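Chemist: If you scroll down you'll find the structure; I have some questions about it.
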Amino acid sequence: ILHFLSDPDVDGENAYQFFEDGALLIENGRVLQVGEAEAVLASLSSDIPVVEYKNHLIIPGMIDTHIHFPQVEVIASYGEQLLDWLNNYTFPAERQFEDKEYASNIANFFLDELLKNGTTTALVFGTVHKQSVEAFFEASEQRNTRMICGKVMMNRNAPEFLCDTPESSYQDSKELIEAWHNKGRQLYAVTPRFAITSTEEQLQKAGQLMEEYPDVYMQTHISENKDEVAFVQELFPDSKDYLDVYDQFGLLGKRSVFAHGIHLTPREHQRFRETGSSVSFCPTSNLFLGSGLLDIKELEEEQVAYSVATDVGGGTSFSMLQTLNEAYKVTQLNGNKLSALKSLYLATLGNAKTLQLEDKIGSFKEGNEADFAVLDFNSTPLMSLKQSKCKTLAEKLFAMIILGDDRAVRATYVAGNCVHDRDNSSASQTNQ
Ligand code: GUN
Ligand code: FE
Numbered sequence: 013i014l015h016f017l018s019d020p021d022v023d024g025e026n027a028y029q030f031f032e033d034g035a036l037l038i039e040n041g042r043v044l045q046v047g048e049a050e051a052v053l054a055s056l057s058s059d060i061p062v063v064e065y066k067n068h069l070i071i072p073g074m075i076d077t078h079i080h081f082p083q084v085e086v087i088a089s090y091g092e093q094l095l096d097w098l099n100n101y102t103f104p105a106e107r108q109f110e111d112k113e114y115a116s117n118i119a120n121f122f123l124d125e126l127l128k129n130g131t132t133t134a135l136v137f138g139t140v141h142k143q144s145v146e147a148f149f150e151a152s153e154q155r156n157t158r159m160i161c162g163k164v165m166m167n168r169n170a171p172e173f174l175c176d177t178p179e180s181s182y183q184d185s186k187e188l189i190e191a192w193h194n195k196g197r198q199l200y201a202v203t204p205r206f207a208i209t210s211t212e213e214q215l216q217k218a219g220q221l222m223e224e225y226p227d228v229y230m231q232t233h234i235s236e237n238k239d240e241v242a243f244v245q246e247l248f249p250d251s252k253d254y255l256d257v258y259d260q261f262g263l264l265g266k267r268s269v270f271a272h273g274i275h276l277t278p279r280e281h282q283r284f285r286e287t288g289s290s291v292s293f294c295p296t297s298n299l300f301l302g303s304g305l306l307d308i309k310e311l312e313e314e315q316v317a318y319s320v321a322t323d324v325g326g327g328t329s330f331s332m333l334q335t336l337n338e339a340y341k342v343t344q345l346n347g348n349k350l351s352a353l354k355s356l357y358l359a360t361l362g363n364a365k366t367l368q369l370e371d372k373i374g375s376f377k378e379g380n381e382a383d384f385a386v387l388d389f390n391s392t393p394l395m396s397l398k399q400s401k402c403k404t405l406a407e408k409l410f411a412m413i414i415l416g417d418d419r420a421v422r423a424t425y426v427a428g429n430c431v432h433d434r435d436n437s438s439a440s441q442t443n444q
């Protein structure tokens with residue numbers, strides 16, 4: 013068992029607990045105790061069921077801070093950068109979510125895919141259609157997963173079939189917040205797509221929602237692509253920069269997550285820092301769409317909070333392991349390092365912190381919700397061979413990140429219940 017208590021860059025080995033032969037005690041879907049197996053088991057009466065995973069690694073369920081559930085089928089769309097990719101592939105795909113049944117089918121597929129990859133919480137974009145988010149929350153509620161989702165607000169620079177209005181987007185979002193925010197484990201995020209697809213009137217409505225519901229989230233995109241940044245400057249000539257557009261409408265804060273943030277200026281970093289807003293680092297997407305190489309060392313020096321995310325379907329994998337693999341490579345290209353322990357910290361406690369959820373998920377702290385993944389060090393012959401040569405925990409974890417994917421996730425638990433068992437998966441679940 014491995015979990016983090018704080019940032020390993022700051023606290024080194026004191027930042028995490030590792031139990032080579034550990035046990036996790038769960039009661040009513042929450043963590044009661046974590047520790048050495050001998051000590052934990054000694055205190056139990058004999059009628060308590062015990063599930064054993066020998067030679068596996070139990071970690072807190074991983075968290076994905078930026079992903080689009082309606083873009084499952086957009087994955088692997090050839091040849092374009094952001095703006096053409098949106099117009100040619102993404103907008104036509106999102107049109108189908110007008111149909112609630114279609115949205116439900118994809119939401120179910122999407123959540124099963126996340127769980128298969130050991131991801132138990134995500135901050136998720138729907139489409140412009142209110143019913144897409146209803147379908148998503150219904151599917152999440154069935155699995156009891158802690159998910160954050162929002163209806164996309166967009167009213168210009170997009171096909172008419174995907175446009176709402178400032179008023180309808182406000183009303184739909186409000187109704188969704190009232191119906192779903194804090195219903196069971198579901199949470200809501202106000203979701204203006206990005207500055208290009210909203211008028212000032214609509215961004216003002218988004219800000220009004222944030223004022224009326226101070227504990228909902230805000231998610232959007234920022235400074236992903238240079239043509240995008242130039243277009244925003246054209247559309248908002250009076251803004252100091254891209255972030256200032258969102259800032260003017262009160263959209264910054266501790267619960268505000270901005271995807272990408274590759275091409276930010278020092279002034280924008282300063283506003284991120286001052287407001288506690290965070291950047292979501294999406295390495296597979298940034299590489300796939302040719303957007304650029306986010307420098308996380310620069311963000312750390314500027315004290316800008318950041319998390320890691322897949323950004324499916326601009327991103328190319330549901331796997332946070334694969335995402336961390338690409339994050340490592342991007343960081344290499346920037347001349348910096350991203351250690352395995354830091355990577356796993358980010359995917360669990362670090363991401364939980366940027367979502368202000370560290371008192372619920374991201375670690376095995378007593379009382380936390382018992383969401384966790386069971387990783388298999390022998391999931392492929394190559395991984396087995398490599399693991400046999402690894403001596404330290406850091407080496408073993410690094411090999412897991414570089415070589416691992418959904419095959420390395422032996423099982424996933426949500427609130428103490430097994431929701432994915434790789435070796436006994438139902439016929440409807442197909443392996444990649
Ligand atoms: N910017 C605005 N919309 C999107 C989207 O759907 N995906 C990505 N990667 N960037 C965006
Ligand atoms: Fe995105």
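Note that the sequence shown covers residues 13 to 444 in the UniProt record's numbering.
Ideal placement from N, C-alpha and C gives every residue a C-beta, glycine not left out.
Note that the structure is a prediction, hence the values are computed from the model and not measured.
Between Ala321 and chain D, is any beta-carbon pair separated by less than 8 Å?
Modeler: Of the chains in the structure shown, none is chain D; there is only one protein chain.
Chemist: Which of helix, strand or coil does DSSP assign to Thr442?
Modeler: Confidence at Thr442 is low in this model, with a pLDDT of 35, below 50, so its placement is unreliable and the value that follows should be read with caution. It is coil, neither helix nor strand.
Chemist: Pick out the complete beta strand (DSSP E) segments inside the segment 182 to 246, 3 residues or longer, and give them in chain order.
Modeler: Counting only runs of 3 or more, we get 199 to 204, 229 to 234.
Chemist: Nearest-angstrom Cα distance between Arg283 and Leu305?
Modeler: Cα to Cα, the separation comes out at about 21 Å.
Chemist: Is any heavy atom in the ligand FE found nearer than 7 Å to the beta carbon of Ala201?
Modeler: Ala201: no, Cβ never under 7 Å from the ligand FE.
Chemist: Strictly closer than 6 Å from CB to any heavy atom of the ligand FE: give me those residues in the order they appear in the chain.
Modeler: Working through the chain, the matches are His78, His80, His233, Ala271, Asp323, Gly326.
Chemist: CB Val269 to CB Tyr65, shorter than 8 Å?
Modeler: Not in contact: Val269 and Tyr65 (Cβ atoms no closer than 8 Å).
Chemist: Span of the alpha helix (DSSP H) holding Pro82?
Modeler: Note, Pro82: premise wrong, no alpha helix (DSSP H); not H, not E.
Chemist: Do you know how far the Cα of Asn348 is from the Cα of Gln154?
Modeler: Approximately 42 Å between the Cα atoms of the pair.
Chemist: Decide if Ser440 is buried, meaning its Cβ has at least 16 other Cβ atoms within 10 Å, or exposed.
Modeler: Residue placement at Ser440 cannot be trusted, given a pLDDT of 39 that sits under 50; what the coordinates show is reported in the next sentence. Ser440 comes out exposed.
Chemist: Between Ala339 and Leu353, which are expected to be in contact by the criterion C-beta below 8 Å, what is the C-beta distance as a whole number of angstroms?
Modeler: 14 Å between Cβ atoms; not a contact.
Chemist: Buried or exposed, going by whether 16 or more other CB atoms sit within 10 Å of the CB of Thr203?
Modeler: Buried.
Chemist: For His275, which of helix, strand or coil comes out of DSSP?
Modeler: Note: His275 maps to coil in three-state DSSP.
Chemist: Work out the CA separation of Cys430 and Thr442 for me, nearest whole Å.
Modeler: Annotation note: pLDDT 35 at Thr442 (below 50); position unreliable, coordinate value reported separately. About 18 Å.
Chemist: Taking 7 Å as the cut-off, is the CB of Leu188 close to at least one heavy atom of the ligand GUN?
Modeler: Checking the Cβ of Leu188 against the ligand GUN gives no.
Chemist: Report all residues from its chain with a CB closer than 7 Å to the CB of Lys266; omit the five preceding and five following residues, and keep chain order.
Modeler: If we look at Lys266 and ignore the five residues flanking it on each side, its Cβ neighbours are Gly288, Gln368.
Chemist: Would Pro82 pass as a contact of Thr139 if the rule is Cβ separation under 8 Å?
Modeler: Yes, these two residues count as a Cβ contact at 8 Å.
Chemist: Under 7 Å from any heavy atom of the ligand GUN, does the C-beta of Ser297 make it?
Modeler: True, at least one ligand heavy atom lies under 7 Å from that Cβ.
Chemist: Which partner residues does Tyr318 have in the DSSP bridge list?
Modeler: DSSP, once it has assigned bridges, lists Val291 as partnering Tyr318.
Chemist: Can you give me the Cβ contacts of Ile274 inside the same chain, cut-off strictly under 7 Å, excluding the 5 residues immediately before and after it?
Modeler: Within the same chain, Ile274 has close Cβ partners Ser235, Glu236, Asn298, Ser303, Gly304, Leu306.
Chemist: Kindly indicate which residue of Asp59, Leu333, Lys128, Ala321 has the alpha-carbon position closest to the one of Asn363.
Modeler: Ranking the options by Cα distance to Asn363, first place goes to Ala321.
Chemist: For Arg279, tell me which candidate among Gly327, Phe243, Lys252 has the shortest Cα-Cα distance.
Modeler: The residue with the shortest Cα to Cα distance from Arg279 is Lys252.
Chemist: Compare the Cα-Cα distances from Thr366 to each of Asn390, Ser292, His432 and report the closest residue.
Modeler: Residue Ser292 is the option with its Cα nearest to Thr366.
Chemist: Contact defined as beta carbons within less than 8 Å: I believe Leu135 pairs with Gln231. What is the distance between those atoms, to the nearest angstrom?
Modeler: Contact flag correct, Cβ pair sits at about 6 Å.
Chemist: Quick check on Thr132: does DSSP put it in helix, strand or coil?
Modeler: Of the three classes helix, strand and coil, the one that applies to Thr132 here is strand, per DSSP.
Chemist: Compute the minimum distance between the beta carbon of Glu146 and the heavy atoms of the ligand GUN, and state whether it is under 7 Å.
Modeler: Glu146: no, Cβ never under 7 Å from the ligand GUN.
Chemist: At the level of alpha carbons, what is the spacing between Asp176 and Ala242?
Modeler: Cα to Cα, Asp176 sits roughly 24 Å from Ala242.
Chemist: Alpha carbon to alpha carbon, how far is Gln444 from Asp417?
Modeler: Reliability of the predicted coordinates at Gln444 is poor, the pLDDT of 29 falling under 50, and the value obtained from them is presented with this limitation in mind. So the alpha carbons of these two residues sit roughly 10 Å apart.
Chemist: Can you list, in chain order, the residues of its chain whose CB lies under 7 Å from that of Asp23, leaving out five sequence neighbours each side?
Modeler: Nothing meets the Cβ criterion.
Chemist: Using the Cα positions of Glu224 and Leu301, report the straight-line distance between them to the nearest angstrom.
Modeler: Cα-Cα distance, rounded: 36 Å.
Chemist: Can the beta-carbon of Glu113 be found less than 8 Å from the beta-carbon of His141?
Modeler: The answer is no: Cβ separation not under 8 Å.
Chemist: Determine the contact status of Ile44 and Glu378, defining contact as a CB-CB distance below 8 Å.
Modeler: What sits at residue 44 in the sequence shown is Leu, not Ile. It is a contact, given that the beta carbons lie within the stated cut-off.
Chemist: Mapping DSSP to helix, strand and coil, what is Met166?
Modeler: Here Met166 sits in coil by DSSP.
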